[in-house]
Each structure stands twice: as C-alpha cells, then as structure tokens.
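See structure below.
Protein chains: 2
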Amino acid sequence: MHYADRLALRIKKTSPVCVGLDPILQQLPEGIEKSPAGVEKFCKGIIDAVSDIACAVKPQLAYFELLGWEGMKVFFEVCGYAQKKGLIVIADGKRNDIGSTCDAYAEAYLGEDKPIDALTVSPYLGSDGIKPFVDACTKNDRGIYILVKTSNPSSGELQDLPIGDEVVHEHLAQLVESWATAGLGQQSNLSCIGAVIGATYPEELTYLRTLMPHVPFLIPGYGAQGGTAEDCRTGFLADGTGAIVNSSRGILYASKGSDWQKEASKAVEGMARELKRVLAK
Amino acid sequence: MHYADRLALRIKKTSPVCVGLDPILQQLPEGIEKSPAGVEKFCKGIIDAVSDIACAVKPQLAYFELLGWEGMKVFFEVCGYAQKKGLIVIADGKRNDIGSTCDAYAEAYLGEDKPIDALTVSPYLGSDGIKPFVDACTKNDRGIYILVKTSNPSSGELQDLPIGDEVVHEHLAQLVESWATAGLGQQSNLSCIGAVIGATYPEELTYLRTLMPHVPFLIPGYGAQGGTAEDCRTGFLADGTGAIVNSSRGILYASKGSDWQKEASKAVEGMARELKRVLAK
C-alpha cells in the first residue's frame, strides 16, 4: 500500500504521535546496561510501551552510528521489531547525496528488504539529491521527509534568507509540492514525499500547509523544544491526518526509574489526548 | 597537529589528489567477491596502490551503509588501514543534525578514537548543525567540509537562489569564512572548517576562493563528472596547498581486469601530474 495511505490509516487507528528513539547512553534508565545490547533492550521496551497509542517511531540514526557497527546492527533489529508491532518506522538520518551514491542511500534505508517505512532527507543538493529517493519510494511503497523549516533556533540562517517576495524555505516548499503531486496515494490524496516543519515556528507551519496541500508533515520540536499541541494544529488536514508530531526525550526519559515503560506510555497517552483535543476544535 | 597543518604537509609531500572510495559491488574488478569481505579487500588494495601519490582517501559512507552493519564494520577497518598508510581519511557522509544529535554524529566520526581525519557535512540547518562538529574538530584535531557549491547539475536549485546582490551559496561562503577564522592552523593559516566546491563550476570556484581565503577546499567533480585540472586551479592557494581534488570512478575502476591496482596507481599518477602542471603555471 502507498506510504501516505498506510500512514493515514495508522493515524486514524492510533494517534498522530511519533516517538523519537534517541537512545543516549548517559540517559538510559536504571537497570539498562550502557551498551548496544542495553540500547536494544531499551528501544524494544519503549516500543512495547507505546505501540498501542503511537502512530510511528523515529529512530535517530546518529545515536546508533555512535555505537559503531554494533549500533547499526541494533538499529535494524529495532526497526524490524517496531514494524512487527504495527508501528510506522521513520529512520531519521537526514541523508543526502547525488546520483549512484544517492541510489545507495535509498537502497540502504528504503530498499524492499529493509524494515523501514520512511527516511528523512536534507535538500541542499537540489532535485538530484531527491529523485533517487523518490524512485525508491515509488518502487517499494516507502516515504521520505524533506527538511523544509527545521525546529532549531538557527534554522533561519539559510532557510529564511529572502529571495524576492519569499524566503528560501517557502521556495523549497513549492518545489516539494511540485515533486509531490506526481504520485499521490489513492485513499489519502497525499504524496510519499513529506516535509519536516518544526512546531517551534507555528506561523510558518500554517503558511507551509497552504503551500503544500499534498505533503505529509513530520513536526518535531514538541515538548522539550517548546512546541505545544496548539502550535501543531494548523499542520494537520481537516480530517486529523496529514501530519505526525514527534517527541523524543519527553517520552523516552519520562522516568529514569524502574517505571520507565509505564511513564513513557503515560507520556504518549497524554500527548495523544492533547493533540486530539486541539484537533477536535 | 591541527587538521589544516597536517593536510598542508601531506599535500606538499604527495599531491592534492583525493581518491574517492566508492565500492560499488556491481563494478568491482575480477577476482573480488561481491560481499563486505570483497569490499574490504578492494578498498585496501586501492589504498596500497595509491598511498605513495595520493594525499587523501574519501570513503563514501553510503556504499558501506548499503551493506548494513557488516559494511559499517568494513568502513572503520578501511579507514584505519588508510591512516596507517599515511593517508588523510575524509569520511563522506554529508551528516547534519542539531544539538545532542549533532554531538552524536561528531563523536561517531570525529571522536578521538576514530580513524578518520575529516567528515563532510550538509548546511541546511544553519550553525546549530555546524558548531558541534567544529567543537569536536577543535578538541580532537579533526576537520569538516561543509557543502557550499556542489558539483551536480541541479545544485543551483537552492544554492544559486538570488538573495539581494548575491546568491545563497555566496552568503553561506561568508558564514563559513566567519566560522573558519576562529581557529586557524599555525603553519597553514587555514581552518579546520573546509568547504566542498565542485570542479564543474570553475567561475564560482574562483570567486569562492576570494570569499573564503582561510578555508580548505575539497573539490569533487574531476574526471567522470567533467571537471579538468585547469578548472580546479583557482581553488588552490599560491603555494599549491589549500585544496584537494577528488576522483572516484576514474581511479577505482580504471581497469576491471586483474591489473586494477596497477591501473589505479597509474590513474592517480596521471591526475597528480596534471594538477601539478597547471599549478606550476
């Protein structure tokens, strides 16, 4: 099934909550070994705790790469486990390259045999750095999320530079929409090409939704970074799909004690409730 | 020793040639198994063939990641082997993220115990996505190369957007120069912060050298992509340092027969001779 259709079904069944898997050794709860094996146990424990309520998990590749090849082994193991539990798996790698190198990244993370539904990608190289990913998405029913307006304080240094009457990220948004309309899901009417838009810039989010009506949004910056459910509201479509909201630390490290799974579950429930409340308005 | 000083010494001792290690299974020469073990044997064979003439190798992470965790194991093994042979090792990963995630990438590839001298990084996130890398460079005598003007045909879609009297990549170049001047090598007077500028855009290369006098350049696009030694000339400083020129396929796959090492060696010699000729002008 087309990625956007699969995603929309899953949001309706669960919630728009995406749980970022950022396994930081120093922050692992008590009783979890600070090792690749500990990271695997922790991530699987979080997946068990959230899979009934969350729509997706977003493993952050950097933390797995930090553990070397053993970390990469755990990464694929964790992705497979999450998929088996019904979760959409978004590998947060912000990969980017051109030509056959981009093909290699696409095959590495969006290949038919990979337990991953979507990958985040960085756009500075232009469409040469996007098309190979889109080809893999079309072939294998996968998705990508292109960085458009990121949640961090300095995102404006490049993304907000003025070009004529608009700014760089608005120009990019129009490019993304033009790429997106080539292959829409039959049920969702959305593309396999998504966009990352930070919850920390709610005005931009509202405007970017109008520029990209066919693009699923991945909205980071909720919670620890300051974004609220209300800030995310305008990123959604009228039926409550079209966007997922990510939180990482607020869920993973809700408790460092032995009740970490229970507290993670509660944190996701609270976030799902809050999002549903503002979306019902 | 400061990365830029180490690099300048190595260029003087050898040449400005950087050999891109893009181990594509389908293109491996005869007698090499199409497997992670084959990739390791091939990369080490290329390193043996070029280490007396080339300044650096640039393993392309995508091709190792394509082989899963076994590929990542080979990646670090190959990097360590290249360093032992005296080569500067530039991991081409175009990584980018913010905050503690960016710290994780920096530690994963520029950590004290990692056999890697420098990493390529993508700039769309702004300085939040650069500073953690620079901190690791300063602490561990490593380097980064920020994508500024890339060699591919569509690079202009974002990089050449007009902002006032300049374009996006020129604006970024000025940011890079401002970050660079904070920590220069005592001998080279160059920064640990470098820039990627494609040989396929020689006019831009010339102008970008004037905008970034303290920034080492990594110049891809030579050979297969159409860039010539003459196209690269203005990226160098007067003493013949300040830049390295990358070629991948023209060297790696110079022969697919049993003489692949000999032909790779010859290809590097030819490229080094050509670069020295135009730099002597």
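Heads up: the sequence lines are chains A and B, in that order. Counting from 3, one number per residue, gives the positions in the first sequence under our numbering. Counting from 3, one number per residue, gives the positions in the second sequence under our numbering. The beta-carbon is built from N, C-alpha and C at its ideal position, and this holds for glycine as well. Just so it is clear, the structure is predicted and the values come from calculations on it, not from any experiment.
With a threshold of 8 Å between beta carbons, is residue i in contact with chain B?
i, result
"Leu149(A)", "yes"
"Met74(A)", "yes"
"Cys78(A)", "Before going on, a small fix: residue 78(A) reads as Phe here, not Cys. With 8 Å as the cut-off, Phe78(A) counts as an interface residue toward chain B."
"His173(A)", "yes"
"Leu177(A)", "yes"
"Ala110(A)", "yes"
"Asp261(A)", "no"
"Tyr224(A)", "no"
"Glu42(A)", "no"
"Ile165(A)", "yes"
"Asn154(A)", "yes"
"Gly70(A)", "yes"
"Asp119(A)", "no"
"Asp24(A)", "yes"
"Val19(A)", "no"
DSSP three-state call for residue i: helix, strand or coil?
i, result
"Ser53(B)", "coil"
"Tyr224(B)", "strand"
"Glu206(B)", "helix"
"Leu192(A)", "coil"
"Lys96(B)", "strand"
"Ala197(B)", "strand"
"Ser249(B)", "strand"
"Leu239(B)", "coil"
"Pro218(A)", "coil"
"Pro164(B)", "strand"
"Tyr5(A)", "helix"
"Gly244(A)", "coil"
"Leu186(B)", "strand"
"Lys151(A)", "strand"
"Gly158(A)", "helix"
"Gly259(A)", "coil"
With a Cβ-Cβ cutoff of 8 Å, do residue i and residue j count as a contact?
i, j, result
"Ile90(A)", "Ala58(A)", "yes"
"Ala282(B)", "Gly252(B)", "no"
"Val217(A)", "Ala197(A)", "yes"
"Ile195(B)", "Ile221(B)", "no"
"Lys60(A)", "Gly22(A)", "yes"
"Asp99(B)", "Gly131(B)", "yes"
"Pro31(B)", "Lys258(B)", "yes"
"Phe219(B)", "Gly242(B)", "no"
"Leu160(B)", "Gly158(A)", "no"
"Tyr93(B)", "Tyr111(B)", "Here residue 93(B) is Ala; the residue named in the question, Tyr, does not match the sequence. Yes, these two residues count as a Cβ contact at 8 Å."
"Cys20(B)", "Ile246(B)", "yes"
"Ala175(B)", "Val150(B)", "yes"
"Ala138(A)", "Glu168(A)", "no"
"Ala120(A)", "Tyr83(A)", "no"
"Gly113(A)", "Asn142(A)", "yes"
Who are the near neighbours of residue i in its chain, counting only those whose CB is closer than 8 Å to its CB and skipping five residues on each side?
i, result
"Gln188(B)", "His4, Asp7"
"Lys36(A)", "Leu27, Gln28, Leu30"
"Thr16(A)", "Asp54, Ile55, Ala56, Cys57, Ala274"
"Thr183(B)", "Ser193, His216"
"Glu179(A)", "Leu213, Met214, Pro215, His216, Val217"
"Phe88(B)", "Residue identity differs from the one stated: residue 88(B) is Gly in this sequence, not Phe. Result list for Gly88(B): Arg12, Ser53, in chain order."
For residue i, decide whether its Cβ has a neighbour in chain A, counting only Cβ atoms nearer than 8 Å.
i, result
"Asn98(B)", "yes"
"Gln189(B)", "no"
"Tyr107(B)", "yes"
"Ile92(B)", "no"
"Tyr65(B)", "yes"
"Ser102(B)", "yes"
"Tyr126(B)", "yes"
"Val11(B)", "Correcting the residue identity first, residue 11(B) is Leu in this sequence and not Val. No - not a single Cβ of chain A is within 8 Å of the one on Leu11(B)."
"Leu207(B)", "no"
"Ser37(B)", "no"
"Asp130(B)", "yes"
Closer than 6 Å by C-beta to residue i: which residues in its own chain qualify, once you throw out the five before and the five after it? Chain order, please.
i, result
"Lys96(A)", "Thr122, Ser124"
"Asp233(B)", "Ala201, Pro204"
"Glu265(A)", "Ala256, Ser257"
"Thr152(B)", "Gly200"
Using a Cβ-Cβ cut-off of 7 Å (strictly less than) and excluding sequence neighbours within five positions of residue i, which residues of its own chain qualify?
i, result
"Phe66(B)", "Gly73, Met74, Val76, Phe77"
"Pro25(A)", "Val41, Phe44, Cys45, Tyr65"
"Asp115(A)", "none"
"Lys14(A)", "Thr243"
"Arg211(A)", "Thr236, Gly237"
"Val280(B)", "Ala231, Glu232, Arg235"
Return yes when the C-beta of residue i is under 7 Å from any heavy atom of the ligand ZN, and no when it is not.
i, result
"Ile165(A)", "The ligand ZN is not among the ligands present in this structure, which contains no ligands whatsoever."
Checklist line | Those runs of the alpha helix (DSSP H) which lie wholly inside the region 23 to 87 of chain B and span at least 4 residues | finding: Listed in chain order, the alpha helix (DSSP H) elements of length 4 or more contained wholly in the region 23 to 87 of chain B are 38 to 52, 63 to 67, 70 to 86.
Notebook entry, point to check: What beta strand (DSSP E) runs, 3 residues minimum, are completely inside the region 109 to 143 of chain A?
Noted result: Qualifying beta strand (DSSP E) stretches, in chain order: 120 to 123.
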